[in-house]
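Every letter in the sequence shown is one number past the one before it in the working numbering, and letter 203, counting from 1, is 654.
A virtual CB, placed ideally from N, CA and C, is assigned to each residue, including glycine.
See below for the structure under consideration.
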Amino acid sequence: MPAKGGNLDNLSPSQTKQLLVRALQLLAEQVDQLNELDRALGDGDHGTTVGRGVAAALRELGAMAPTSINEIFVGIGKGMMKSMGGASGVLYGVFFQGAQSAATVVELTSSTLLDLLECGLKDLQAKTKAVSGDKTMLDALIPAIRCLEQSRSKPLPEALRIVAAAAEQGANSTIGLLPKIGRAKTLGHRACVAKDPGATSVAIFFRGLAIASQEPIAS
Ligand code: ADP
Ligand code: MG
452 MPAKGGNLDN LSPSQTKQLL VRALQLLAEQ VDQLNELDRA LGDGDHGTTV
502 GRGVAAALRE LGAMAPTSIN EIFVGIGKGM MKSMGGASGV LYGVFFQGAQ
552 SAATVVELTS STLLDLLECG LKDLQAKTKA VSGDKTMLDA LIPAIRCLEQ
602 SRSKPLPEAL RIVAAAAEQG ANSTIGLLPK IGRAKTLGHR ACVAKDPGAT
652 SVAIFFRGLA IASQEPIAS
């Protein structure tokens, strides 16, 4: 029976899989925008790479009958790691696969989502030397996760709406920053004016999660 949209909390693994599938589909709709941003800062492939990663993640999820939320995140990370290539493939892969080292989660709430994302962020920060303000995906990811920490007692749809806004603000904050790491670094001050594509894809992913959490999800 379909659950009522906008009132969902405590999602089962199967409902969480539906939520993630929808969010990934929404991310895949933005590949042109992401390629365009990457043309100003890099080699113009971030959207294509993300699109390939999403397709592989959806293939991993397709046959999965998850018994934990961790499995879903790890599956997405595996798909992305295998297929995406480039700097962002490894980084997205490591981030999602961080759920492997989190305590087993069988119900998705704002609080358990935070636990999974925290593990991903920890692994990602061990992988990259990038810090806040270096004009990378971390400039959207860190504020999103800090915001979820503040919202961890709120119902998931409400928390995700606030988190998506924080991620978007983080992505917008990369406009004007000097890139300190990755391919964009070689452009120096010419790259300041551009918005970081990786931070933008992170923000689009969180917006997709927020949208998906407002929609009906079958139980
Ligand atoms: P590539 O730069 O290899 O072509 P993509 O175009 O797919 O990879 O992704 C570029 C994005 O990856 C950048 O906008 C940035 O957000 C992120 N990125 C690149 N290198 C790093 C890094 N070392 N740490 C964190 N994020 C990075
Ligand atoms: Mg690129």
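Say yes only if the C-beta of residue i is nearer than 7 Å to one or more non-hydrogen atoms of the ligand NAD, and no if none qualify.
i      : result
Arg634 : This structure lacks the ligand NAD; its bound ligands are the ligand ADP and the ligand MG.
From the DSSP output, in three-state form, read off residue i for me.
i      : result
Ala554 : coil
Ala507 : helix
Ala591 : helix
Ala669 : strand
Met531 : helix
Asn461 : coil
Val501 : helix
Gly456 : With a pLDDT of only 43 at Gly456, under 50, the local geometry of the prediction cannot be trusted, and no value is derived from it.
Asp483 : helix
Val644 : coil
Gly513 : helix
Val525 : helix
Asp585 : coil
Cys598 : helix
Locate the alpha helix (DSSP H) running through residue i, then write down its first and last residues.
i      : result
Gly493 : Unbroken run through Gly493: none, as it is neither H nor E.
Cys570 : 561–578
Ser648 : Note that residue 648 is Pro in the sequence shown, not Ser. Segment 648–665, the alpha helix (DSSP H) holding Pro648.
Ser465 : 464–479
Ala538 : 537–548
Compare the C-beta of residue i against all C-beta atoms of chain C and say whether one is closer than 8 Å.
i      : result
Leu611 : Considering every chain present, this structure includes no chain C. It has just one protein chain.
Exercise. Looking at C-beta atoms only, is the number of pairs between the region 572–584 and the region 535–546 that lie closer than 8 Å three or more?
Worked result: Three or more beta-carbon pairs drawn from the region 572–584 and the region 535–546 are found closer than 8 Å, and the two stretches are therefore classed as touching.
* **Within the region 600–641, ranges of the alpha helix (DSSP H) (whole runs, at least 4 residues)** => List check, alpha helix (DSSP H) in window: 607–623.
Discussion item. Does the contact criterion of 3 or more C-beta pairs under 8 Å hold for the region 577–591 versus the region 636–652?
Written reply: In short, these stretches touch, since the Cβ pair count reaches three.
* With contact counted as at least three CB pairs below 8 Å, one residue from each stretch, are the region 492–500 and the region 531–540 in contact? -> In the pairwise beta carbon analysis, the region 492–500 is classified as touching the region 531–540: at least three pairs are separated by under 8 Å.
Just jot down, in chain order, the residues whose CB lies closer than 5 Å to any heavy atom of the ligand MG. That gives Asp489, Gly493, Asp494, Asp496, His497.
So does the region 516–531 actually touch the region 621–636, counting three or more Cβ pairs closer than 8 Å? With a cut-off of 8 Å on Cβ pairs, the region 516–531 is not in contact with the region 621–636, counting fewer than three such pairs.
With a threshold of 8 Å, are at least 3 pairs of Cβ atoms found where one atom belongs to the region 551–561 and the other to the region 596–608?
The region 551–561 is in contact with the region 596–608.
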